[in-house]
Amino acid sequence: MTDVQNFLESLAERARKQDVFGAVQVLSGRLRCDARDAAAPAWYAVEHDGTDWVVSLSTADRWLSESIETDLLHFGDPLEELIEEELVELGGEGPVPAPKHYRADDRTYVFRSTVKGEGDRGRTMDRVVLWLLAYEAAFRNLGDMAGSDEE
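If you use the numbering used here, the sequence shown closes out at 152, no skipped numbers anywhere.
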């Protein structure tokens, strides 16, 4: 098993223990954590990018993505501030650059941030897990991420 695979497997164990995600699995060099209560399928992911790590939220559902965007516009809080607030509350620190938001080639809508790797594996693990949890906490209350009122 590669160092990246070992890192992701350890990260998956830590994510499962937090009990805020649906299914948590390592697939094709990427950690995937299903959003627990979203109105449509959505997932958080962590993947290696050189010396850094990428944390993201993705969905193939256009309406779910638009519901998140609408809440961000309506409430007026920049997404990076929401993520930073959660990160600090979890014991991490900012600043948080504005996440990239785009439609990927596979037709998923993606919010993503790069997390700088540190020389020490344990410190990097701690930092990446905090970012993953901050992403989950920030997005949980946006749009239809906590489910839809429609039946």
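All C-beta atoms in this analysis are idealised placements derived from N, C-alpha and C, irrespective of residue type, glycine included. Note that the structure is predicted; figures quoted are calculated from it, not measured.
Taking 8 angstroms as the cut-off, the beta carbon of S114 is found closer than this to the beta carbon of V56. The region 68-114 contains, as complete alpha helix (DSSP H) runs of 4+ residues, the segments 80-90 (chain order). For D127, the enclosing alpha helix (DSSP H) starts and ends at 122-141. When rounded, the separation of the alpha-carbon atoms in R108 and W44 is 14 angstroms. Taking the C-beta atoms as reference points, A40 is found no nearer than 8 angstroms to V25.
Ranking C34, T60, L28 by CA distance to the CA of K18 puts C34 first.
Annotation for V55: the continuous beta strand (DSSP E) segment containing it runs 53-60. The region 109-128 makes contact with the region 55-72: 3 or more CB pairs, one atom from each, lie closer than 8 angstroms. Taking a contact as a CB-CB distance under 8 angstroms, the pair E85 and A99 does not count as one, their CB atoms being some 11 angstroms apart. Annotation: I69 to F8 spans about 30 angstroms, alpha carbon to alpha carbon. The beta carbon of A105 sits closer than 7 angstroms to the beta carbons of V111 from its chain, once the five residues preceding and following it are set aside; these are given in chain order.
The three-state secondary structure of D50, taken from DSSP, is strand.
Beta bridge pairing from DSSP links D20 with no other residue.
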